[in-house]
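Each remark here refers to the structure printed beneath this line.
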Amino acid sequence: MALNVEKLLRSGAFFRRSDGRWILGWGNVRPCNAPTPGKLAFFSPQYFSTTENSWFEFENVDQLQPGELQKMLEFDPQPKMRSVSELKQLAGLSRSGGFQLSEMNWQQADKSQFESDFNQIMQKINQGELEKAVPITYEWSPTIPDEPLIKKILHRLLITQDGLTPYGMWSPEGGLLGCTPELLLEVKSGILKTMAVAGTRPSDSNKSLLENKKELHEHGLVVEGLKQLLSSLGKMNVSETYEWNIGLITHLRTDVEIQLDTSVNPSELVLSLHPTPALGGVPRAEALGVLKDLPSANIRRKFGAPFGVYLENGDMEVVVAIRNILWDDEGTKLFSGCGVVSESQFEMEWNELYAKRVQVKSTLGLG
C-alpha cells in the first residue's frame, strides 16, 4: 500500500535501516508481547520495562528509499529529485548555517538535582558497590511537536549522515523522535552486529579520547560487558577502538560481530543486551537498582530503551533510543546521559550532557 503521509504524521513510526531504506508504519496499531513471525513489527519498550506490549504491528507498512520518501513528503505527484542544497532548504537549514525549525523555549536542566545524583553514584563507586552508572538529566519545553513540525523533522533527517539512525513513533497522545549513533544489535543472515559507544568529547577539541584515561576506562567497561553478554552465541570478532566523529561531538567506538551458532529469539536477545553498560552500568543489576532509585526514573520513559524493527524474514535491527525528544500532552523533554566512573569529574560530566543536547537540537532543528 502506498504511503499515506497525512495518516503517518497523525500516528506512525519510522526507522532507517543500515542499508539506507526507510521502514514506515501508519494507521491502526496493535501492541503485542512478541512479533508475529512473517510480519513486520516495531519495538519500542520503556527503559525499565521491556516485556509487556512492547512490540507494535501497524495496519500499514512500507519500505522506501530516501528519494521516494522525499517525494512523498512534498505531496508532489511528479517531483524531480532535489539537490542536497534544496533538501536543506526544505528541511529548514538556512544558507548561513542556521538550524532552527521551531523555537522550543527550552527550560534549563536542573544542575543541582544532577549533582545530587552524581554524588550518590560516586559514593557507591567509592564504596566498591559500582564501577559505573549512567545518570540522566533533561531540558523541558512547553511546545509539543505538531504534524507540520514532524514532517519538517522527517525532511531534515533525510540528509542525516551515514552511520546514524533516525527513528521515531508517535500518536495523538505523544511520542518520541530522534537520531541515535548507537546500535544495540543487528541480526542478518546469521550474523549479529553491535557496538560499544562510550566516551565523548567536542569534535573541535584537539584532545584525543584515545589518550584520556577516564574515557578509555568507561569505554572498556562497555566492551567487556558486551563480550560477557554475547560470548556464548558464537565466534566473536572485536575491532580496535577508534574515534568516531558524528558532527558536533566525537565518541569512542568499538565494533563487535558474531557468527551465530544457532537461531535466536528476538525478544530474548534484546532483553539479554538491554541495558548495555553504555546506558546502564557495571555491575548491571546493581547499577539498575541505583538508577531506579533516582528521581529521574519516574519520568525517563523510553529514553535509553531499545527501539527497532523485526522484519518479515526474521532479520532485525535495534538501536538505543538516545539523542531524541519525547513528548506528551504536558510538553517535550530532551534527555541526555553520561557514564560516571571513578575518574569522573562533575563539571566535565555536566558539560558533556550539555554538548549531547546541543547535538540533538542541531540534528532535529529545535532551537
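Just remember that the working numbering sits 1440 ahead of the position in the sequence shown, which is counted from 1. Think of the CB as a built atom: it goes at the ideal place given N, C-alpha and C, for glycine as much as any other residue.
Alpha carbon of residue i to alpha carbon of residue j, nearest angstrom
i     : j     : result
S1679 : S1784 : 26 angstroms
F1454 : F1775 : 20 angstroms
G1452 : L1597 : 16 angstroms
H1657 : G1805 : 33 angstroms
S1484 : E1664 : 26 angstroms
Q1699 : P1588 : 44 angstroms
G1674 : Q1668 : 12 angstroms
G1460 : Q1505 : 7 angstroms
L1734 : S1712 : 23 angstroms
Same chain only: Cβ atoms within 8 angstroms of residue i, ignoring 5 sequence neighbours per side
i     : result
N1545 : S1581, P1582, T1583
G1687 : Q1601, S1643, Q1799, S1802, T1803
V1445 : M1512, L1513, F1515, K1591
Residue i and residue j closer than 8 angstroms at C-beta
i     : j     : result
Y1796 : L1661 : What sits at residue 1796 in the sequence shown is Lys, not Tyr. Contact: no.
G1618 : I1463 : no
V1627 : V1704 : yes
E1622 : A1718 : yes
Y1607 : F1488 : no
Contacts around residue i, its chain only, beta-carbon distance under 6 angstroms, and the 5 residues preceding and following it disregarded
i     : result
R1470 : E1497
E1697 : K1633, N1677
P1501 : Inspection of the sequence shows that residue 1501 is occupied by Val rather than by Pro. Cβ within range, chain order: G1465, L1480.
Residue span of the alpha helix (DSSP H) that contains residue i, given as start and end
i     : result
R1797 : 1786-1804
G1665 : 1653-1670
Environment of residue i [buried if 16+ CB atoms lie within 10 Å]
i     : result
E1613 : exposed
S1782 : exposed
E1787 : exposed
D1701 : exposed
Q1510 : buried
P1477 : exposed
E1655 : buried
A1761 : buried
P1475 : buried
S1536 : Residue placement at S1536 is flagged as unreliable, the pLDDT there being 41, under the threshold of 50; the coordinate-derived value follows with that caveat. That one is exposed.
D1557 : buried
Chain-order list of residues whose beta-carbon lies under 7 angstroms from that of residue i (same chain, five-residue window excluded)
i     : result
Y1682 : R1693
Q1486 : R1741, K1742, A1745
E1792 : T1640, C1778
Limits of the beta strand (DSSP E) - the one that residue i falls within
i     : result
P1606 : 1605-1611
L1464 : 1462-1472
G1618 : 1614-1620
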